[in-house]
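Below you'll find the structure, written out as structure tokens, and then a few comments.
Protein chains in written order, with the working numbering: chain S, 1 to 347; chain F, 1001 to 1344.
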């Protein structure tokens, strides 16, 4: 079998369009609208559930069709305003895993376009660099002026577009907008060569604060099988972590992380499919972290679940970096896997 | 005064039945039906035949406290904390143990026996014990056994100008508010849920919400308040006397924005003072409710309480009253706003 042809130019421009959009956990409206507009022509049905998950259904309708949930989260990490002081500076709490040394000096943006710089109190010791010593300066001269643009509860994200860096792309929120782009690319693939299954594409909310959206979406969908597409950490930088996964090494088939052990039959299916189609892949064992599949596989009576990961450096920074060829490989692998019979039941 | 009674009743997580009995007495004539589920939640409803959103109002009955784990050879009781309690508030406090409410005092090593340097270390709950005035293990075992709960023995009182002091305002304040709200009639189905085991992981609300399957949920809470000397303004969670606190995010949930906006509008429309809860840690029953089944839009409204999770807290009567007015106003506005509240 030949690998499915992925339109790399289309994929790259989709990533460059999705990643800069605003969508911290709980405030996914803008990114949801953007994705909904892109997927509507490609599927049979699009809906939004009570928590804000975007669910796009592509029916296969073949006899023996399975209900397959395919999930990528559209939320990103961010900050939430908890206090506005007399001089118009904003104090904040993290939304998801946000680190003070990364935030310091960054430009952040609110969903109305307001931008600010993250500043710090004067610190006597670099070790004192903690989130509660930082603030956002939106150029307001007073509390009143600041309160005209933001309020307690307003959220902000890194203000950063996507740029090419050699064969890589770099930007914010490639975690997990690259996965969202992969899902949309899978929809294109299934238009050319359909899946026999009813595929429920879920662009989930609130993954970064605890895999929340995927949990309720999975309850509603009651899938027979589920896949998640998300980024994963790599070990390919100077004095980096001891991880085998590397950028440019192909789609990473997850063996386990802290939230999931990939179902053995799905692990075999993904490996066999990659081998048969000549799709570049690598195996991933992540000693920490979790993805939507962690919540999905424990839904109702249990759902066999697997994850295809996109190797990404500098996760949760405004300079996340990945190779679009890996995203293409993830999309190709998922599209091919969805064309399999997908047996259910115990291994 | 119901709040006085509710505050004084012992009801540590897993041992809520006395609180539940008292609440049932208070609401039995106000509701259409009720049941106690397998974990001990009290689920009461009214207007079940009406159209419109199924609204769940939740307050937890349990409080933080202690559980007896071992009786040592001197007749002293070793214990574990149930729920989050700062060890520093424990020494020399009075407690009541078990179904008989046996009085005890939390003791520890006296100051003159501390080794050099020890007096500078914070006290640890592991080094403390409960003394019930018994001379031997045998004497204790006649009245106390491991597994019994100990609750703080704090008398409710009115202090200052319109302030009350007592234990367990987290969340008996919410319970009292919910009892008040159930006196009203609404043009949609309302489920008043008094939950168990919130303090040890939002456990009761999880199964109750599964059972009720609401369209939206409001959680009524007593929350932290740290408007005290030495606290940076952005570290103060809420301000005493400044009205009900509306949560924008905590460790367990990001409230539904349409619900939060609806609460703010309800307050503004009526000129009710209100405030944002300005910290983002901790959690409420909303954390488990919003993830139930296909997802439930949920929000939390709290009465600010100073010295929460300790044997003695303060609550401002005006905050309680304004919280009640806000909740009532929100529910009155709901029929007009309901279409926009479900979903996002």
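Note that beta-carbon positions come from the ideal geometry of N, C-alpha and C, so glycine has one too.
Do you know offhand how far residue i's Cα is from residue j's?
{"i": "residue 338(S)", "j": "residue 196(S)", "result": "8 Å"}
{"i": "residue 1181(F)", "j": "residue 1132(F)", "result": "41 Å"}
{"i": "residue 1344(F)", "j": "residue 1261(F)", "result": "Reliability fails at residue 1344(F), whose pLDDT of 42 lies under 50, so the model's placement of it is uncertain and no value is given."}
{"i": "residue 168(S)", "j": "residue 14(S)", "result": "14 Å"}
{"i": "residue 199(S)", "j": "residue 222(S)", "result": "12 Å"}
{"i": "residue 1093(F)", "j": "residue 1004(F)", "result": "20 Å"}
{"i": "residue 1176(F)", "j": "residue 1183(F)", "result": "11 Å"}
{"i": "residue 1216(F)", "j": "residue 1333(F)", "result": "14 Å"}
{"i": "residue 1086(F)", "j": "residue 1310(F)", "result": "7 Å"}
{"i": "residue 1289(F)", "j": "residue 1206(F)", "result": "6 Å"}
{"i": "residue 1157(F)", "j": "residue 1008(F)", "result": "10 Å"}
{"i": "residue 1017(F)", "j": "residue 1268(F)", "result": "38 Å"}
{"i": "residue 1111(F)", "j": "residue 1120(F)", "result": "11 Å"}
{"i": "residue 1049(F)", "j": "residue 220(S)", "result": "25 Å"}
{"i": "residue 1033(F)", "j": "residue 1046(F)", "result": "7 Å"}
{"i": "residue 91(S)", "j": "residue 160(S)", "result": "21 Å"}
{"i": "residue 123(S)", "j": "residue 102(S)", "result": "16 Å"}
{"i": "residue 110(S)", "j": "residue 180(S)", "result": "22 Å"}
{"i": "residue 1002(F)", "j": "residue 1178(F)", "result": "12 Å"}
{"i": "residue 63(S)", "j": "residue 202(S)", "result": "23 Å"}
{"i": "residue 126(S)", "j": "residue 99(S)", "result": "14 Å"}
{"i": "residue 1044(F)", "j": "residue 157(S)", "result": "42 Å"}
{"i": "residue 1127(F)", "j": "residue 1109(F)", "result": "8 Å"}
{"i": "residue 265(S)", "j": "residue 1239(F)", "result": "56 Å"}
{"i": "residue 1147(F)", "j": "residue 1075(F)", "result": "16 Å"}
{"i": "residue 1270(F)", "j": "residue 1327(F)", "result": "12 Å"}
{"i": "residue 238(S)", "j": "residue 315(S)", "result": "15 Å"}
{"i": "residue 1058(F)", "j": "residue 1095(F)", "result": "28 Å"}
{"i": "residue 318(S)", "j": "residue 261(S)", "result": "30 Å"}
{"i": "residue 1099(F)", "j": "residue 1015(F)", "result": "10 Å"}
Using DSSP's beta-bridge definition, name the partner residues of residue i.
{"i": "residue 282(S)", "result": "252(S)"}
{"i": "residue 95(S)", "result": "78(S)"}
{"i": "residue 1063(F)", "result": "1012(F)"}
{"i": "residue 1305(F)", "result": "1224(F), 1315(F)"}
{"i": "residue 1210(F)", "result": "Partner(s): none; residue 1210(F) has no beta bridge."}
{"i": "residue 1106(F)", "result": "1130(F)"}
{"i": "residue 1043(F)", "result": "1035(F), 1193(F)"}
{"i": "residue 110(S)", "result": "156(S)"}
If you measure from the CB of residue i, is any heavy atom of the ligand MN nearer than 7 Å?
{"i": "residue 192(S)", "result": "By its list of ligands, the structure shown contains no ligand whatsoever, and the ligand MN lies outside what it can speak to."}
Could you check which residue in the options has the C-alpha nearest to that of residue i?
{"i": "residue 1149(F)", "options": "1086(F), 1211(F), 1112(F), 1078(F)", "result": "1078(F)"}
{"i": "residue 268(S)", "options": "254(S), 210(S), 280(S)", "result": "254(S)"}
{"i": "residue 343(S)", "options": "263(S), 332(S), 299(S)", "result": "263(S)"}
{"i": "residue 17(S)", "options": "24(S), 25(S), 31(S)", "result": "31(S)"}
{"i": "residue 436(S)", "options": "112(S), 292(S), 78(S)", "result": "There is simply no residue 436(S) to check, as chain S begins at 1 and stops at 347 in what is shown."}
{"i": "residue 1321(F)", "options": "1313(F), 1302(F), 1201(F)", "result": "1302(F)"}
{"i": "residue 182(S)", "options": "340(S), 21(S), 325(S)", "result": "325(S)"}
{"i": "residue 1252(F)", "options": "1035(F), 1298(F), 1114(F)", "result": "1298(F)"}
{"i": "residue 177(S)", "options": "149(S), 89(S), 74(S)", "result": "74(S)"}
{"i": "residue 1323(F)", "options": "1312(F), 1276(F), 1076(F)", "result": "1276(F)"}
{"i": "residue 1101(F)", "options": "1153(F), 1115(F), 1118(F)", "result": "1153(F)"}
{"i": "residue 11(S)", "options": "95(S), 25(S), 320(S), 184(S)", "result": "184(S)"}
{"i": "residue 228(S)", "options": "304(S), 244(S), 239(S), 237(S)", "result": "304(S)"}
{"i": "residue 1232(F)", "options": "163(S), 22(S), 121(S)", "result": "121(S)"}
Kindly give me the distance between the Cβ atoms of residue i and residue j, rounded to whole angstroms, as I take these residues to be in contact under 8 Å.
{"i": "residue 1168(F)", "j": "residue 1063(F)", "result": "4 Å"}
{"i": "residue 1083(F)", "j": "residue 1200(F)", "result": "6 Å"}
{"i": "residue 214(S)", "j": "residue 292(S)", "result": "4 Å"}
{"i": "residue 19(S)", "j": "residue 172(S)", "result": "6 Å"}
{"i": "residue 1123(F)", "j": "residue 1088(F)", "result": "6 Å"}
{"i": "residue 257(S)", "j": "residue 286(S)", "result": "4 Å"}
{"i": "residue 216(S)", "j": "residue 1293(F)", "result": "7 Å"}
{"i": "residue 1272(F)", "j": "residue 1230(F)", "result": "Actually they do not touch by this definition, with Cβ atoms about 30 Å apart."}
Do three or more CB pairs link the segment 1186-1194 of chain F to the segment 1046-1055 of chain F at distances below 8 Å?
yes
Inter-stretch contact (C-beta, 8 Å, three-pair minimum) for the segment 138-155 of chain S and the segment 60-70 of chain S:
no
With three or more C-beta pairs closer than 8 Å as the rule, is the segment 49-59 of chain S touching the segment 199-212 of chain S?
yes
Is the number of C-beta pairs between the segment 1160-1179 of chain F and the segment 1311-1325 of chain F that are closer than 8 Å three or more?
yes
Is there contact here, the segment 70-84 of chain S with the segment 245-265 of chain S, by at least three beta-carbon pairs under 8 Å?
no
Contact between the segment 1021-1028 of chain F and the segment 34-44 of chain S: three or more CB pairs below 8 Å?
no
Would the segment 1066-1080 of chain F count as touching the segment 1283-1297 of chain F if we require 3 or more Cβ pairs under 8 Å?
no
Within the chosen definition, does the segment 54-66 of chain S reach the segment 1210-1229 of chain F through at least 3 CB pairs nearer than 8 Å?
no
For the segment 306-315 of chain S and the segment 225-233 of chain S, state whether three or more C-beta atom pairs, one from each stretch, are separated by less than 8 Å.
yes
Answer yes if the segment 273-287 of chain S comes into contact with the segment 329-337 of chain S, meaning at least three C-beta pairs across the two stretches below 8 Å, and no otherwise.
yes
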